[in-house]
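Chains as they are written, first to last, in my numbering: chain A, 2 to 134; chain B, 2 to 290.
For each residue, glycine too, the CB sits at the ideal point set by N, CA and C.
Notes follow the structure.
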Amino acid sequence: MDFQSCVNIKKEWDIVGARQLGRDIAKKIGFGTVDQARIATAISELARNIYLYAGDGKVCFEAIEDMNKRGLSIIAIDDGPGIEELSQVMEDGFSTSGGLGAGLPGVKRLMDEFDIVSEQGQGTEIKVVKWLR
Amino acid sequence: MDTKLKDIVLENSNDIVRMWLEEVQSKKNQDYTSTISNELFDSTNREFVNVIFTSIEKQGLTSELDDFSERLINLGWPLSYLTDGMQVFRRVTIDFILTQSEKVDSEYLSKVMKKVDDWVDPVINRLVNEYSGSWEHIVSLQRVALQELSAPLIPVMENITVMPLIGTIDTERAKLIMENLLDGVIKHNAEVVLIDITGVPVVDTMVAHHIIQAAEAVRLIGSTCILVGIRPEIAQTIVNLGIDLTKFPTKSSLRKGFQSALELTNRTVVETDSNDNNIEKLIDTLDRE
Numbered sequence: 002m003d004f005q006s007c008v009n010i011k012k013e014w015d016i017v018g019a020r021q022l023g024r025d026i027a028k029k030i031g032f033g034t035v036d037q038a039r040i041a042t043a044i045s046e047l048a049r050n051i052y053l054y055a056g057d058g059k060v061c062f063e064a065i066e067d068m069n070k071r072g073l074s075i076i077a078i079d080d081g082p083g084i085e086e087l088s089q090v091m092e093d094g095f096s097t098s099g100g101l102g103a104g105l106p107g108v109k110r111l112m113d114e115f116d117i118v119s120e121q122g123q124g125t126e127i128k129v130v131k132w133l134r
Numbered sequence: 002m003d004t005k006l007k008d009i010v011l012e013n014s015n016d017i018v019r020m021w022l023e024e025v026q027s028k029k030n031q032d033y034t035s036t037i038s039n040e041l042f043d044s045t046n047r048e049f050v051n052v053i054f055t056s057i058e059k060q061g062l063t064s065e066l067d068d069f070s071e072r073l074i075n076l077g078w079p080l081s082y083l084t085d086g087m088q089v090f091r092r093v094t095i096d097f098i099l100t101q102s103e104k105v106d107s108e109y110l111s112k113v114m115k116k117v118d119d120w121v122d123p124v125i126n127r128l129v130n131e132y133s134g135s136w137e138h139i140v141s142l143q144r145v146a147l148q149e150l151s152a153p154l155i156p157v158m159e160n161i162t163v164m165p166l167i168g169t170i171d172t173e174r175a176k177l178i179m180e181n182l183l184d185g186v187i188k189h190n191a192e193v194v195l196i197d198i199t200g201v202p203v204v205d206t207m208v209a210h211h212i213i214q215a216a217e218a219v220r221l222i223g224s225t226c227i228l229v230g231i232r233p234e235i236a237q238t239i240v241n242l243g244i245d246l247t248k249f250p251t252k253s254s255l256r257k258g259f260q261s262a263l264e265l266t267n268r269t270v271v272e273t274d275s276n277d278n279n280i281e282k283l284i285d286t287l288d289r290e
């Protein structure tokens, strides 16, 4: 099961498409309902960030295996304006759009691994992993 | 030259129709239309070819074409049947004209092709337009229907209303929810509003943000908002996300929310004595006498 499938994010409804595909893959890997909800919520946050701030990007899913654990890796890539201050966006309550500011720190808490690369003007790439327990 | 080509086609319409029917019939076996009964397929084919010939004869689009396409749309025939049919017609007609002509050079060939295109293309365009127009119409009707369903407000009891939310919440819908909620609270004079999110698949920060804003707006106009239908997995994700929902009461189910709504409006549910009890009491009193 080492295929990769991507959903392009251009419209608000693409977020729903990404979420549904992610949930299906998570179900196939064997995640329980609580983890499925966590994964779906994390995808929703990542995809919404692309839609709100970059306007165009994609979310990719991959079933991964490491030693004797299995998991789901989600990569959100965009060519948007990038993030100015990385430490700032990882703080709870920071938002430039009047939202709750819980998106990225929330995703970090929802998932097991969280990796963000962003450079101003170069776009953003966020990779998160959830392991099957 | 133009009229000559037209005459060739019209005079030999029987041959062209026969060739066309054969081609279309052979297509039927291999694809989508295989579920359609033979009689219906035959009669539709004949009608279709008649429509094509009338439009060639009259040099343009006809009302017959409109009627025909409208009926096929209503019957749910695939658009590809019509476009395939027109393409087959183009091929058959060009082949036929070329076999009928003595000298064929490239100039003549391009003229024939242009002439046949002039017959076929407007008909294809019209058919595609009719079909896409009908689809757009259906989509817009469904959009309106969905919008009507998207934020219903039900006054279940004096001073208590319920808004059951089902499905994904996007920005447009969030706006509608807020408007309907506030309008409804004023209109039904509600003291307590229950927002039921049992049917919302994912509660992310945006959905939570909109719900918090709606609840805050309800508070501003003097009513109380209770969020009900929080499933266990949703509760966990809300905690993980670090969303603060302490500003208004929340309950796991609509039933519990309704009970606290009754308490807030100083009411309780009282079970009335059943008829059996009354009869027993009656018998008791009779016994004593």
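key: Straight-line gap, I244 (chain B) to A103 (chain A) (C-alpha atoms, nearest Å)   = Going from the Cα of I244 (chain B) to the Cα of A103 (chain A) covers about 7 Å.
Alpha carbon to alpha carbon, what distance is there between M91 (chain A) and P106 (chain A)? Distance from the CA of P106 (chain A) to the CA of M91 (chain A), rounded to the nearest whole angstrom, comes to 5 Å.
| task | Could you check if N278 (chain B) is buried or exposed, using at least 16 other CB atoms within 10 Å of its CB as the buried criterion? | result | So N278 (chain B) ends up on the exposed side.
**Prompt:** chain A partners of V203 (chain B), CB-CB under 8 Å?
**Reply:** Per Cβ cutoff of 8 Å: R20, A38, A41, T42 and S45.
Quick one: is G223 (chain B) buried, meaning 16 or more other Cβ sit within 10 Å of its Cβ, or exposed? Exposed.
Looking at the strands, I want to know which residues DSSP matches up with I235 (chain B). I235 (chain B) is not bridged by DSSP to any residue.
**Request:** Say whether chain B places a C-beta atom closer than 8 Å to the C-beta of V17 (chain A).
**Result:** At least one chain B Cβ lies under 8 Å of V17 (chain A).
Using a C-beta cutoff of 8 Å, does P82 (chain A) count as contacting chain B? So, not an interface residue.
message = Using 8 Å for Cβ pairs, my map puts V193 (chain B) next to I227 (chain B). What's the rounded Cβ distance?
response = Confirmed, about 6 Å.
* **chain A contact for H189 (chain B) (CB, 8 Å cutoff)** => Taking Cβ atoms only, chain A never reaches closer than 8 Å to H189 (chain B), which makes this a no.
### Message
Tell me the rounded alpha-carbon separation between D25 (chain A) and I235 (chain B).
### Response
In a straight line, the C-alpha of D25 (chain A) is about 18 Å away from that of I235 (chain B).
Problem - Neighbour list for N241 (chain B) in chain A, Cβ cutoff strictly below 7 Å - result: Going along chain A in sequence order, the residues near N241 (chain B) (Cβ under 7 Å) are R39, G107, R110 and L111.
**Prompt:** Nearest chain B C-beta to D57 (chain A) closer than 8 Å, yes or no?
**Reply:** Against chain B, the CB of D57 (chain A) has no partner CB under 8 Å away; the residue lies outside that interface.
Please report whether the beta-carbon of V129 (chain A) lies at a distance below 8 Å from any beta-carbon of chain B. Chain B, which has no Cβ nearer than 8 Å to the Cβ of V129 (chain A), makes this no.
Practice item. Classify A191 (chain B) as helix, strand or coil using the three-state DSSP reduction. Key: Reduced to three states, the DSSP call for A191 (chain B) is coil.
**Prompt:** What does T34 (chain A) touch in chain B if you count any residue whose Cβ is under 7 Å from its own?
**Reply:** Chain B residues near T34 (chain A): E234.
Apart from the five residues just before and just after P156 (chain B), which ones in its own chain have a Cβ nearer than 6 Å to its Cβ?
Within the same chain, and ignoring the five residues on either side of P156 (chain B) in sequence, the residues whose Cβ sits closer than 6 Å to its Cβ are T162 and H189.
So the candidates are B:W78, B:E48 and B:L80; which of them puts its Cα closest to the Cα of E65 (chain B)?
Ranking B:W78, B:E48 and B:L80 by Cα distance to E65 (chain B) puts B:E48 first.
| message | Between M114 (chain B) and chain A, is any beta-carbon pair separated by less than 8 Å? | response | It does not: the Cβ of M114 (chain B) has no partner Cβ on chain A nearer than 8 Å.
Okay, do the stretch 167 to 187 of chain B and the stretch 48 to 62 of chain A touch, 3+ Cβ pairs below 8 Å being the bar?
No, because fewer than three Cβ pairs between the stretch 167 to 187 of chain B and the stretch 48 to 62 of chain A fall closer than 8 Å, the two stretches do not touch.
| message | So, under 8 Å CB-CB, Y54 (chain A) and G23 (chain A) are touching, yes? Tell me the CB distance rounded to an integer number of Å. | response | Not quite, the Cβ-Cβ distance comes to about 20 Å (not below 8 Å), so this is no contact.
*Note the first and the last residue of the continuous beta strand (DSSP E) segment covering K128 (chain A).*
Per DSSP, K128 (chain A) is one residue of the beta strand (DSSP E) stretching across G124 to W132.
Do G185 (chain B) and L221 (chain B) have their beta-carbon atoms positioned less than 8 Å apart in this structure?
No; because the gap between Cβ atoms is not below 8 Å, this pair is not in contact.
request  = Going by CA-CA distance only, name the one from A:E46, A:V130 and A:L111 that's closest to D15 (chain A).
outcome  = Residue A:E46 is the option with its Cα nearest to D15 (chain A).
Residues near T251 (chain B) in its chain [Cβ-Cβ closer than 8 Å; skip 5 each side] = For T251 (chain B), the CB contacts under 8 Å within the same chain, skipping 5 residues up- and downstream, are I227, L228, V229 and I231 in chain order.
Quick check: what's the CA-CA separation for V208 (chain B) versus A152 (chain B)? Their Cα atoms are separated by approximately 14 Å.
* When you compare only the Cα positions, how much space is there between K12 (chain A) and Q123 (chain A)? -> When rounded, the separation of the alpha-carbon atoms in K12 (chain A) and Q123 (chain A) is 21 Å.
Is there a Cβ of chain A sitting closer than 8 Å to that of Q143 (chain B), yes or no?
With respect to chain A, the C-beta atom of Q143 (chain B) has no partner C-beta closer than 8 Å.
Can you give me the start and stop residues for the alpha helix (DSSP H) that F62 (chain A) sits inside? Secondary structure note for F62 (chain A): it is in no alpha helix (DSSP H), and the uninterrupted beta strand (DSSP E) holding it is G58 to D67.
Throw me the rounded Cβ distance for the G100 (chain A) and T206 (chain B) pair, which I believe falls under 8 Å. The Cβ separation is near 6 Å, so the contact holds.
Determine whether the beta carbon atoms of I53 (chain B) and K7 (chain B) lie at a separation below 8 Å.
Taking 8 Å as the cut-off, the Cβ atoms of I53 (chain B) and K7 (chain B) do not count as close.
In the DSSP assignment, find the unbroken beta strand (DSSP E) run with K104 (chain B) in it and report its ends. Careful: K104 (chain B) lies outside any beta strand (DSSP E) and carries neither H nor E.
CB of W78 (chain B) within 8 Å of CB of V50 (chain B), strictly: Not in contact: W78 (chain B) and V50 (chain B) (Cβ atoms no closer than 8 Å).
When the Cα of L133 (chain A) is compared with those of A:I40, A:V8, A:D79 and A:V17, which residue comes out closest?
-> Looking at the Cα atoms, A:I40 is the closest of the given residues.
Q. In three-state terms, what does DSSP make of S98 (chain A)?
A. If DSSP states are grouped into helix, strand and coil, S98 (chain A) belongs with coil.
| query | Looking at A64 (chain A) and I44 (chain A), is the spacing between their C-beta atoms short of 8 Å? | reply | Judged by beta-carbon spacing, A64 (chain A) lies beyond the 8 Å limit of I44 (chain A), meaning their Cβ atoms are not closer than that value.
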